[in-house]
Amino acid sequence: MLENENQLTHQFPTLSRWNPMFISDVHKISFHPHLQRYIGFWMGFPIRWIQIVGYIAAIDIYEGKHVLTVDDCSGMVLRVVFIIQDDFSMSKRAISMSPGNVVCVFGKINSFRSEVELIAQSFEELRDPNDEWKAWQKRMRYKKNLTKISKNHHSIIRTPKKSYFPKDHAKELLKCIRQMCKLNVQAGFTIEELIIYLKAKELHLPLVHIFNVENEIVENCDGNHILALNFSLQTLLQHGRIVRKSNSVYMLVTSKDIIRFVIPLMASGLLEAHKVQSIVRDSNPMFITLPLSAIAKHICQFLLRTKGKWRQAKKYTWVRDNQFV
Numbered sequence: 001m002l003e004n005e006n007q008l009t010h011q012f013p014t015l016s017r018w019n020p021m022f023i024s025d026v027h028k029i030s031f032h033p034h035l036q037r038y039i040g041f042w043m044g045f046p047i048r049w050i051q052i053v054g055y056i057a058a059i060d061i062y063e064g065k066h067v068l069t070v071d072d073c074s075g076m077v078l079r080v081v082f083i084i085q086d087d088f089s090m091s092k093r094a095i096s097m098s099p100g101n102v103v104c105v106f107g108k109i110n111s112f113r114s115e116v117e118l119i120a121q122s123f124e125e126l127r128d129p130n131d132e133w134k135a136w137q138k139r140m141r142y143k144k145n146l147t148k149i150s151k152n153h154h155s156i157i158r159t160p161k162k163s164y165f166p167k168d169h170a171k172e173l174l175k176c177i178r179q180m181c182k183l184n185v186q187a188g189f190t191i192e193e194l195i196i197y198l199k200a201k202e203l204h205l206p207l208v209h210i211f212n213v214e215n216e217i218v219e220n221c222d223g224n225h226i227l228a229l230n231f232s233l234q235t236l237l238q239h240g241r242i243v244r245k246s247n248s249v250y251m252l253v254t255s256k257d258i259i260r261f262v263i264p265l266m267a268s269g270l271l272e273a274h275k276v277q278s279i280v281r282d283s284n285p286m287f288i289t290l291p292l293s294a295i296a297k298h299i300c301q302f303l304l305r306t307k308g309k310w311r312q313a314k315k316y317t318w319v320r321d322n323q324f325v
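For reference, each letter of the sequence shown is one residue, going 1 to 325 in the UniProt record's numbering.
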């Protein structure tokens, strides 16, 4: 039984590494409606990040995104999506390619309209034919090794019986934590205190869907069970809703924790989330886990409440609008 995503990643290195795959195998990835659309299963292993190599068969331009259709001669093609807002320069470089160019693409799988596509994270053009051949051999070896591992449950990568993907549970748990900590946020809380609070208030969290990897059956876990609570706490940690004060003590992250570092920077007329993130992390080691997206959310909500008019210049960057000054 897995207690958190770190353990899941330890049991399944395929979940956190780049997996070199043939496009025909990418289309064999299965998704489950109760799991995140960015996580699928291939040969019994959970998978998120993949690497493909092939030639560009088509280039399409849409509002907000560019799409390359890539063919690796394995029998199928794959849509590779470049989100303009995420990386403008990479998206621009992608459409500067020509059909027939061979590219190596790293990306995150996505279930879209019952099909699998790749959300590009990075890519490069392969000009040397030997590189394409080496990439083909690399995929053959990787698939062969995974096939051996999947047949041997005593190998380094062992198939756990169950993996957990709470969604609504984490949201409801966060509401309970906020209510529990509203009198003294800085004191923090332990999972034992959380269980006692839920019992005292007779609160019942929603069931957590449990996907049994071996038989592909979705089971349910009681929302107040320590296993469900542990995994949802890890989810809240990843999204920057809480931080660790110590190994067993968590603390709720509030807007005040972030905004006190934002206000001194406002005089310059420029706010950059990554700069605020750096200052916040330097202020206290426990904030090291705060992701950029969480910092940006607090900044955005604060700017909406301020009298001065600010506008978003680009992702995670805001400037004061001079016409309102």
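In this text, a Cβ means the ideal position worked out from N, Cα and C, and glycines have one as well.
All values reported here derive from a predicted model rather than from experimental measurement.
Three-state secondary structure (DSSP) of residue i
i      : result
Cys300 : helix
Phe82  : strand
Ala120 : strand
Arg141 : helix
Pro20  : strand
Leu270 : strand
Glu202 : coil
Phe287 : helix
Lys314 : strand
Ser30  : strand
Arg320 : strand
His153 : Any reading at His153 needs caution, since the residue's pLDDT is 39, under 50, leaving its predicted position unreliable; the model's value is listed next. Residue state, collapsed to three classes: coil.
Residue range of the unbroken alpha helix (DSSP H) whose run includes residue i
i      : result
Ala273 : 273 to 283
Asp25  : 23 to 26
Val185 : Counting along the chain, Val185 falls outside any alpha helix (DSSP H), and DSSP gives it neither H nor E.
Met76  : Per DSSP, Met76 belongs to no alpha helix (DSSP H) and is neither H nor E.
Thr14  : Premise fails: Thr14 is in no alpha helix (DSSP H) and is neither H nor E.
Arg93  : 88 to 95
Ser232 : 226 to 238
Bridge partner(s) assigned by DSSP for residue i
i      : result
Thr190 : Val249
Asn220 : His209
Asn110 : Glu117
Trp49  : Lys108
Ile263 : In the DSSP output, where bridge partners are listed per residue, Ile263 has none listed.
Ala58  : Thr69
Glu172 : According to DSSP, which records beta bridges pairwise, Glu172 is partnered with nothing at all.
Glu132 : In the DSSP output, where bridge partners are listed per residue, Glu132 has none listed.
Residue range of the unbroken beta strand (DSSP E) whose run includes residue i
i           : result
Val67       : 65 to 71
residue 331 : The question about residue 331 has no answer, for the chain in this structure spans 1 to 325.
Phe41       : 40 to 42
Contact belief for residue i with residue j at Cβ below 8 Å, rounded distance in angstroms
i      : j      : result
His239 : Ala294 : 6 Å
Pro20  : Arg139 : 5 Å
His27  : Val116 : 6 Å
Ile23  : Ile59  : So it is not a contact: roughly 17 Å between Cβ atoms.
Val67  : Arg79  : 6 Å
Phe123 : Val103 : 5 Å
Minimum Cβ-Cβ distance from residue i to chain C less than 8 Å
i      : result
Thr289 : Absence of chain C from the displayed structure is noted, only one protein chain being present.
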